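Peer 1: Structure provided below as structure tokens; questions to follow.
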Amino acid sequence: MTQDDDPSGPAEHVRRAIELFLVDPAGMGGIWLRARPGPVRDAVLGWLAPLDPRRVPAQMDDATLDGGLDLAATLTTGRVVTGQGVLAGARPLIVATAERMESGVAARIGHAVDRGGPAVVLLDEGAAEDEAPPPGLIDRIALALPLDTMSYRDLVAPDPARVAAARKRLSHIETPPDLAEALVRIAASLGVASLRAPLRAMAAARALAALDGLAAPGEAQVAQAARLVYAHRAAPLPDEAPPDEAPPPDPTEPPPPGDDAGAGDPADDRVIDGVRTAMPEDLSRALAAMARSRARPSGAGGGERRRGGTRGRPLPSRPGAAGRGRVDVLATLRAAAPMQRMRARPEGGAIVAIRPDDIRLRRYETRADRLVILCVDASGSTALARLAEAKGLAETLLATAYESRDHVAVIAFRGQMAELALPPTRSLARAKARLAGLPAGGGTPLAAGLQAALDLIEQSRRRGMTPALVLFTDGRANIALDGTADRAQAGGDAERLARIIAAHRPAGAVVDTGRRQGRDMRALAQALGLPGVSLCRAGDGAGAVADAL
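Here it is as structure tokens:
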């Protein structure tokens with residue numbers, strides 16, 4: 001292998017990846033191109049012209065994906081003519097603004113890629129690091145190219161003759177019996193969790209062998225395949241060792257029993273080191289940024305779905321009366337077209353006879369943002385150890401909310417009042433810091449905490465959000481809503497507010513922070529209409545609350 005063939009530099013990395021895609025597009029599944037429009041991206045897309053790719057938008061309806069009635073041909077011929085969707089052929093798909101793709105469209109395309117359908121080229125124009133195509137689709141494609149750091153002068157075009165020869169040789173390339181196992185070991189060592197990645201890496205190694213004129217992939221081809229397929233998936237290395245790290249053991253001492261640190265394949269170690277260190281720093285940084293973006297949550301929140309309106313994700317049109325919504329002209333014509341021969345020709349020179357039952361109305365679906373309200377009992381009746389456990393469970397819920405792109409608010413009640421410790425936010429760091437710093441002690445103004453939660457629930461409803469409530473308490477209220485220390489009145493106030501909250505039907509749970517679940521706790525959960533979860537079963541608590549949300 002010559003130095004020019006070593007894909008360690010950015011330009012060679014790009015050239016080698018494009019060659020792999022040209023040789024075996026189905027085996028690669030696709031390419032994730034992160035770049036704004038410009039000469040570099042245009043040049044790379046121009047190299048894909050021999051595959052005759054088809055440009056498609058990020059948002060596509062069912063008819064575009066899977067095919068359906070060909071309206072023009074049907075109206076011309078007077079009989080039903082169906083057309084193929086973009087997923088039916090073998091032509092690769094170039095998806096513009098792929099970072100805006102809905103998860104439903106991505107799932108359909110990903111399923112087609114899994115079946116050996118058309119490969120996809122994802123044009124990611126996201127300006128922010130947290131903008132990326134859906135992770136499920138990225139997982140199904142082998143290659144990722146950060147082009148924003150590239151210069152047009154540095155580009156190296158693939159050799160068409162070499163690619164054509166490799167395509168002819170590909171079916172004759174042998175697969176070593178230990179190749180799959182080696183690629184799985186390398187993936188595990190790099191922290192690559194996906195089982196699809198080794199399959200793509202194996203296809204890449206075979207294509208590299210075909211490009212290099214070999215009968216089977218060797219160590220060099222495996223190393224290149226690992227760099228091209230695993231680099232943007234690999235878990236990042238820590239910046240530095242912890243300060244209290246123990247000194248390395250004396251190399252003269254025998255390893256302890258069961259220590260298999262040196263039992264790995266030296267070839268695997270060389271490949272892993274190559275993926276970690278062989279690339280230039282700018283390329284490594286760009287690939288690491290792509291890895292972070294694919295790990296970030298995407299989507300529109302975990303709130304309730306709302307159908308209708310004039311914007312959002314398009315849904316299949318439904319029959320309806322004109323004047324009660326936006327008419328879907330194409331769907332209406334599709335419904336009317338098969339019946340034209342049986343209908344009298346319309347007067348006035350109209351071509352199509354449309355009846356009221358042909359009318360189809362557009363529908364859209366939006367998902368409301370969700371607000372998860374953590375209402376925490378920080379009174380003296382909650383022991384410090386129990387409060388710490390409650391905070392631990394709450395932090396687990398914060399991580400779940402962050403993954404779902406939910407807003408989070410924290411209410412703390414103690415003494416004679418409740419306070420909004422953290423207004424609604426999507427900042428995980430702020431929420432964790434505020435939760436960790438909650439003081440404890442004093443009476444249990446449960447009614448005040450429920451009143452604060454009710455206010456937030458009503459505010460979120462007015463803003464079009466979907467509220468969810470997680471209440472951490474032992475249920476033993478002793479401070480009434482007016483601030484007096486009257487246990488009976490405090491219990492009555494709490495029950496009344498709980499029933500008002502239940503009328504809003506929020507999702508959520510009541511987490512019992514007491515040592516034993518008592519009648520007060522069970523009555524409170526019943527009044528709120530929420531399931532009760534015991535903090536004593538901390539291992540099951542997080543899962544139970546997450547399910548309730």
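The numbers in the sequence shown follow the UniProt record's numbering, run straight up by one, and end at 549. Note that the Cβ used here is the ideal one computed from N, Cα and C, for glycine as well. Values in this document were obtained by computation on a predicted structure and should not be read as measured data.
Considering only C-alpha positions, which residue in the set Ala106, Leu147, Ala142 and Pro118 is nearest to Glu125?
Peer 2: Leu147
Peer 1: Just the Cα atoms here: how many angstroms apart are Thr400 and Asp455?
Peer 2: 24 Å
Peer 1: Classify Pro158 as helix, strand or coil using the three-state DSSP reduction.
Peer 2: coil
Peer 1: Just curious, the beta strand (DSSP E) that Arg430 is in, first and last residue?
Peer 2: Here Arg430 belongs to no beta strand (DSSP E); instead the alpha helix (DSSP H) covers Leu428 to Ala436.
Peer 1: Keeping to the same chain, check which residues put their C-beta closer than 6 Å to that of Asp239; ignore five residues upstream and five downstream.
Peer 2: Low per-residue confidence applies at Asp239: pLDDT is 41, beneath 50, and the placement is therefore not dependable, though the value from the model is reported in the following sentence. Hits under 6 Å: none found.
Peer 1: Looking at the C-beta of Ser103, does it have a partner C-beta in chain C at a distance below 8 Å?
Peer 2: Absent from the structure: chain C. Only one protein chain is present.
Peer 1: Going by DSSP, name the residue or residues bridged to His407.
Peer 2: Leu371
Peer 1: In the DSSP output, which residue or residues are listed as bridge partners for Leu122?
Peer 2: Trp32 and Val95
Peer 1: Per DSSP, what kind of secondary structure is Gln59 in: helix, strand or coil?
Peer 2: coil
Peer 1: Starting from the Cα of Ala431, find the closest Cα among Ile411, Tyr364 and Gln340 and give me that residue.
Peer 2: Ile411
Peer 1: Where DSSP assigns a beta bridge to Gly68, which residues make up the other side?
Peer 2: Gly83
Peer 1: In three-state terms, what does DSSP make of Leu469?
Peer 2: strand
Peer 1: Please identify the residue among Arg463, Gly449 and Arg462 whose C-alpha is closest to the C-alpha of Ala498.
Peer 2: Gly449
Peer 1: Thinking C-alpha only, which one of Gly491, Ala468 and Gly320 is nearest Ala502?
Peer 2: Out of Gly491, Ala468 and Gly320, Ala468 has the C-alpha closest to the C-alpha of Ala502.
Peer 1: Check each candidate in Ile186, Gly442, Val163 and Val511 and name the one with the smallest Cα separation from Ala226.
Peer 2: The residue with the shortest Cα to Cα distance from Ala226 is Ile186.
Peer 1: I need the DSSP call for Gly532, collapsed to helix, strand or coil.
Peer 2: strand
Peer 1: Across the stretch 111-125 and the stretch 167-175, are there enough close Cβ pairs to call them in contact, namely three or more that are closer than 8 Å?
Peer 2: no
Peer 1: On the DSSP bridge list, what partners appear for Phe413?
Peer 2: Beta-bridge pairing by DSSP links Phe413 to Asp377 and Ala418.
Peer 1: Report the three-state DSSP secondary structure of Val113 (helix, strand or coil).
Peer 2: helix
Peer 1: What does a CB cutoff of less than 6 Å around Arg167 pick up in its chain, not counting 5 residues either side in sequence?
Peer 2: Val23
Peer 1: If distances are taken between C-alpha atoms only, which option among Phe21, Val95 and Ala388 comes closest to Ala35?
Peer 2: Val95
Peer 1: Taking only three categories from DSSP, how would you classify Glu245?
Peer 2: Reliability fails at Glu245, whose pLDDT of 44 lies under 50, so the model's placement of it is uncertain and the value that follows must be treated cautiously. Coil, per DSSP.
Peer 1: Just tell me which of Val14, Gly67 and Thr484 has its CA closest to the CA of Ala43.
Peer 2: Val14
Peer 1: Just confirm the distance between the C-beta atoms of Leu420 and Ala409, as a whole number of angstroms; I'd bet it's less than 8 Å.
Peer 2: 7 Å
Peer 1: Measuring straight from C-alpha to C-alpha, what distance separates Ile18 and Ala216?
Peer 2: 20 Å
Peer 1: According to DSSP, is Arg363 part of a helix, a strand, or is it coil?
Peer 2: strand
Peer 1: So, are the CB atoms of Ala119 and Ala26 less than 8 Å apart?
Peer 2: yes
Peer 1: Please determine if the stretch 458-467 and the stretch 518-536 are in contact, where contact requires at least 3 C-beta pairs separated by less than 8 Å.
Peer 2: no
Peer 1: What are the complete beta strand (DSSP E) segments, minimum 3 residues, inside the stretch 126-152?
Peer 2: Scanning the stretch 126-152 for uninterrupted beta strand (DSSP E) segments of 3 residues or longer gives 143-146, listed from N- to C-terminal end.
Peer 1: Mind the definition here: the stretch 336-344 touches the stretch 426-445 only if three or more C-beta pairs lie below 8 Å; say whether that holds.
Peer 2: no
Peer 1: Below 8 Å CB to CB, which residues in the same chain sit around Ala452 once its five sequence neighbours on both sides are set aside?
Peer 2: Cys375, Ile411, Phe413, Ala418, Glu419 and Leu420
Peer 1: What's the C-alpha gap between Ala378 and Thr513?
Peer 2: 10 Å
Peer 1: Considering only C-alpha positions, which residue in the set Asp159, Gly320, Asp358 and Leu137 is nearest to Ala336?
Peer 2: Asp358
Peer 1: Taking Val510 as part of the alpha helix (DSSP H), name the residues at either end of that continuous run.
Peer 2: Premise fails: Val510 lies in the beta strand (DSSP E), Ala507 to Asp512, not in any alpha helix (DSSP H).
Peer 1: How many whole angstroms separate the CB atoms of Gly38 and Ile141, which I take to be in contact at a CB cut-off of 8 Å?
Peer 2: That pair is no contact at about 22 Å.
Peer 1: Evaluate Val222 with the Cβ neighbour count: other Cβ atoms within 10 Å of its Cβ, from every protein chain shown; 16 or more gives buried, anything less gives exposed.
Peer 2: buried
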